[in-house]
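Offset between the sequence shown (1-based) and my numbering: plus 1.
Note that beta-carbon positions come from the ideal geometry of N, C-alpha and C, so glycine has one too.
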Amino acid sequence: MLLKLFAGLSAAATALNISSPRVEFTGIKLAGFALLRFAEFYIGALLAYIAAVYAASELTVDMEKPQEKPSKFWQWNMNELAEIICVLVGAKVSVTGTEKLPEGQRYLMVCNHRSIFDPIASIKLFGAKEYIYISKPENFKLPIVGPVMHKCGCLPVNRDNNREALAMVKAASKYIQDDVASVVIYPEGTRSREDELLPFHAGSFKIAQRTGVPVVIAAIHGTDEIVRNVPLKKTKIDLDILDVLDGNFVKSHTTKETAQIAQKMIQEHIDRKYGKKE
């Protein structure tokens, strides 16, 4: 929404600017001048917005204060930032299998992890309101990113500290039980550099086992190519919803068994769709 607003305001400002009596260009020169002015206004508006978000995140967000409920204001900003980032990096995001998503109930979505852009692609598709994301603590220390994630209810997971990991499971479970949002977690725990998945952490599935909700299994592909493609080439990102394990199934299996099923399903999908690397 903001990008369209910035474009409209920039076009209006450009029209006023080139209609000034001081502008004596005509023809191609006038068109070039108008394009340059539009770019200046547009980039200026974009930078002003990012600066405002940075200032607000630094001055108003207390990272030490638990976020019991996601902020609608910051969810709106997260949506806008995801849109801006996708446009700037030339990411075209598509999704398949949404008809498989459970209707009328919350769930845990698990997905392979290829890049820091993974949650951005998901937010671009579904919006920040639908999901709470579980991320490593280091990401909460990043400027803008950390404070915005915190205010949107995202939770850090420290797998090296059992007490902190349990606190995350309890907090994520409460979001689901209170019907605030579904939860997205990347069970590999870190980004895999190749199409071969890293071992899934069984603890990632405790949220579903604790709450009795379904586990949605998803696969993402292409986000790791963004850095290589920018700025000369657009990047196609695919998010595929593969299957859903219902709550009863999850309850009757150990987290290790569920993790193995999810990993196998995602790996087979990636190998089948994109080709297995020898």
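1) What's the call for A263, buried or exposed, on a 16-neighbour Cβ count within 10 Å?
2) Measuring straight from C-alpha to C-alpha, what distance separates L281 and M110?
3) Which word fits V170, buried or exposed, when buried means at least 16 other C-beta atoms lie within 10 angstroms of its C-beta?
4) Output needed for Y43: all residues of its chain with C-beta closer than 8 angstroms, excluding positions within five of it in sequence on either side, in chain order.
5) Who are the near neighbours of L198 in its chain, counting only those whose CB is closer than 7 angstroms to its CB and skipping five residues on each side?
6) Going by CA-CA distance only, name the one from S183, L36, G128 that's closest to E104.
7) Quick test of the definition: if touching needs 3 or more C-beta pairs under 8 angstroms, does the stretch 162-181 touch the stretch 83-98?
8) Using CA coordinates, which residue listed in Y187, K152, K175 is at the minimum distance from W77?
9) With C-beta atoms as the reference, is I133 less than 7 angstroms away from G154?
10) What is the C-beta distance between S253 and V149, in whole angstroms, given that I count them as a contact (C-beta under 8 angstroms)?
11) When the Cα atoms are used, what is the spatial distance from N230 to K125?
12) Who are the Cβ neighbours of A56 in its own chain at under 8 angstroms, not counting the five residues just before and after it?
13) Taking the alpha-carbon positions, what's the L207 to P120 distance?
14) Grouping DSSP H, G and I as helix and E and B as strand, with all else coil, what is H222?
15) Should the stretch 74-89 be called in touch with the stretch 212-222, which here means at least 3 C-beta pairs below 8 angstroms?
16) Starting from V214 and walking both ways along the alpha helix (DSSP H), at which residues does that stretch end?
17) What is the residue span of the beta strand (DSSP E) that D280 lies within?
18) Would you kindly report the start and end of the unbroken alpha helix (DSSP H) that includes A263?
19) In the stretch 78-117, which residue ranges form an unbroken beta strand (DSSP E) of at least 3 residues, counting only runs that do not cross its ends?
20) Which whole-angstrom value is the C-beta distance of G204 and G248, which I expect to be below 8 angstroms?
21) Give the straight-line distance between the Cα atoms of L48 and E69, rounded to the nearest whole angstrom.
22) Report all residues from its chain with a CB closer than 8 angstroms to the CB of Y275; omit the five preceding and five following residues, and keep chain order.
23) Between F1 and T15, what straight-line distance do the alpha-carbon atoms span, to the nearest angstrom?
24) Determine the direct distance from the alpha carbon of Y108 to that of A260, and round the result to whole angstroms.
25) Which first and last residues belong to the beta strand (DSSP E) in which S136 is found?
26) Start and end of the alpha helix (DSSP H) containing S123?
27) Cβ of S116 within 7 angstroms of Cβ of T224?
28) Got a sec, what are the start and stop residues for the alpha helix (DSSP H) I227 sits in?
Checking against the coordinates, here is how it stands:
1) Reading the sequence shown from its first residue, position 262 is the one you call residue 263. Counting Cβ neighbours within 10 Å, A263 comes out buried, since at least 16 surround it.
2) Limits of the chain in this structure are 2 at one end and 279 at the other, which puts residue 281 out of reach.
3) Stepping through the sequence shown from its first residue, residue 170 is reached at position 169. So V170 counts as buried.
4) Taking the sequence shown and counting its residues from 1, the one referred to as residue 43 is at position 42. Closer than 8 angstroms at the Cβ level, and outside the excluded window around Y43, lie F7, A8, S11.
5) Looking up residue 198 in the sequence shown gives position 197. So the list reads N113, E189, Q264, I267, Q268, once near-sequence residues are dropped.
6) Residue 104 sits at position 103 when you count from the first residue of the sequence shown. With distances taken between Cα atoms, E104 lies closest to S183.
7) Segment contact: the stretch 162-181 against the stretch 83-98, fewer than three CB-CB distances shorter than 8 angstroms; contact not assigned.
8) In the sequence shown, residue 77 corresponds to position 76, counting from 1. The option with the nearest alpha carbon to W77 is K152.
9) The sequence position of residue 133 within the sequence shown is 132, counting from 1. The sequence position of residue 154 within the sequence shown is 153, counting from 1. For I133 and G154, yes; Cβs fall inside 7 angstroms.
10) Here residue 253 refers to the residue found at position 252 of the sequence shown. Here residue 149 refers to the residue found at position 148 of the sequence shown. So it is not a contact: roughly 38 angstroms between Cβ atoms.
11) Reading the sequence shown from its first residue, position 229 is the one you call residue 230. Reading the sequence shown from its first residue, position 124 is the one you call residue 125. Each residue's Cα considered, the two are about 19 angstroms apart.
12) Taking the sequence shown and counting its residues from 1, one reaches residue 56 at position 55. Result list for A56: empty, nothing under 8 angstroms.
13) Stepping through the sequence shown from its first residue, residue 207 is reached at position 206. Stepping through the sequence shown from its first residue, residue 120 is reached at position 119. Sequence inspection shows Lys at residue 207; the Leu mentioned does not correspond to that position. Cα to Cα, the separation comes out at about 21 angstroms.
14) Numbered from its first residue, the sequence shown carries residue 222 at position 221. Looking at H222 - three-state DSSP - the assignment turns out to be strand.
15) no
16) Position 213 of the sequence shown, counted from the start, is the residue given in the question as residue 214. Looking at the DSSP string, V214 is not in any alpha helix (DSSP H), and its letter there is neither H nor E.
17) For residue 280 there is no data in the structure shown, the boundaries of the chain being 2 and 279.
18) For the purposes of this step, residue 263 is taken as residue 262 along the sequence shown, with counting starting at 1. A263 -> alpha helix (DSSP H) spans 256-275.
19) 92-97, 109-112
20) By one-based count along the sequence shown, residue 204 stands at place 203. By one-based count along the sequence shown, residue 248 stands at place 247. G204 to G248, Cβ: 18 angstroms. No contact.
21) By 1-based counting over the sequence shown, the position of residue 48 is 47. By 1-based counting over the sequence shown, the position of residue 69 is 68. Distance between the alpha carbons of L48 and E69: 31 angstroms.
22) Position 274 of the sequence shown, counted from the start, is the residue given in the question as residue 275. Only D196, H222 meet the Cβ criterion.
23) Since the first residue of the chain shown is 2 and the last is 279, residue 1 is not available in this structure.
24) By one-based count along the sequence shown, residue 260 stands at place 259. By one-based count along the sequence shown, residue 108 stands at place 107. So the two alpha carbons sit approximately 15 angstroms from each other.
25) In the sequence shown, the residue the question calls residue 136 occupies position 135. That run of the beta strand (DSSP E) goes 132-136.
26) For the purposes of this step, residue 123 is identified with residue 122 of the sequence shown, where counting begins at 1. Per DSSP, S123 belongs to the alpha helix (DSSP H) from 119-127.
27) Here the question's residue 116 lines up with position 115 in the sequence shown. Here the question's residue 224 lines up with position 223 in the sequence shown. Yes.
28) As a working mapping, residue 227 is identified with position 226 in the sequence shown. From DSSP, the alpha helix (DSSP H) with I227 extends over 227-230.
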